[in-house]
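**Student:**
Protein chains: 2
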Amino acid sequence: MTNTTETSSEYQRAFGQKLARLRKVRGWSQEQLALESGLARSYLGGVERGQRNIALLNICRLAETLGVPPSELLNFTD
Amino acid sequence: MTNTTETSSEYQRAFGQKLARLRKVRGWSQEQLALESGLARSYLGGVERGQRNIALLNICRLAETLGVPPSELLNFTD
């Protein structure tokens, strides 16, 4: 184990904050991201609030929609 | 949509290959990665074969076990 271990909910929260940042930089609403990605707005709301354990294929779908590499969505350092 | 769209199974396959590469660089067996991460060896086998839609918390758990940032596991460019 490393000393950078985060709790589960911290990762979900970090992902949600990252997603919301990338969305807002583009001036998009959650509704718009939902329409562009084909994912439900209520689902995206849960993801952004850190309440969802989003899986690989939806992570990659959101990355494609936002025009970033999948790895960027898991880059929590900025 | 971008012109870099990959099919679902391609992402799962890319992830599996990346995970296997990081594991083998460390000289670990699947069994050893299973023991270190607390995930089942059979599950990890399915992930490495691209058969599993692994979710965020398990991605981050594997990243911690391997000592890399979560984003590295989604960096499929190498």
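Protein chains in written order, with our numbering: chain A, 1282 to 1359; chain B, 1282 to 1359. Even for Gly, the Cβ is constructed at its ideal location relative to N, Cα and C.
1. Quick one, which residues of the stretch 1293-1306 of chain A are near chain B if we go by CB-CB under 8 angstroms, in chain order?
2. So which residues of chain A does Ala1321(B) contact, with C-beta pairs closer than 8 angstroms?
3. How would you list, in chain order, the residues of chain A whose beta-carbon sits under 8 angstroms from the beta-carbon of Ala1336(B)?
4. Are the C-beta of Leu1355(A) and some C-beta of chain B separated by less than 7 angstroms?
5. Compare the C-beta of Ser1352(B) with all C-beta atoms of chain A and state if any pair is closer than 7 angstroms.
6. Can you look up Thr1321(A) in the DSSP assignment and give me helix, strand or coil?
7. Give the straight-line distance between the Cα atoms of Ile1335(A) and Val1328(B), rounded to the nearest whole angstrom.
8. Could you tell me whether the Cβ atoms of Gly1326(B) and Arg1294(B) are closer together than 7 angstroms?
9. Using the Cβ count rule (16 or more neighbours within 10 Å means buried), how would you classify Lys1305(A)?
**Tutor:** Looking at the atomic coordinates:
1. Only Gln1293 and Phe1296 from the stretch 1293-1306 of chain A bring a Cβ to less than 8 angstroms from some Cβ of chain B.
2. Chain-ordered listing is empty here: chain A has no CB closer than 8 angstroms to the CB of Ala1321(B), the nearest sitting near 17 angstroms.
3. Chain A residues near Ala1336(B): Asn1334, Ile1335, Ala1336 and Leu1337.
4. A Cβ of chain B is located within less than 7 angstroms of the beta carbon of Leu1355(A).
5. For Ser1352(B), the answer is yes, since a Cβ of chain A falls inside 7 angstroms of its Cβ.
6. As written in the sequence, residue 1321(A) is Ala, which differs from the Thr given in the question. DSSP places Ala1321(A) in coil when its eight states are reduced to three.
7. Using only the alpha carbons, I get a separation of about 16 angstroms.
8. With respect to Arg1294(B), Gly1326(B) sits apart: the two C-beta atoms are not nearer than 7 angstroms.
9. So Lys1305(A) ends up on the exposed side.
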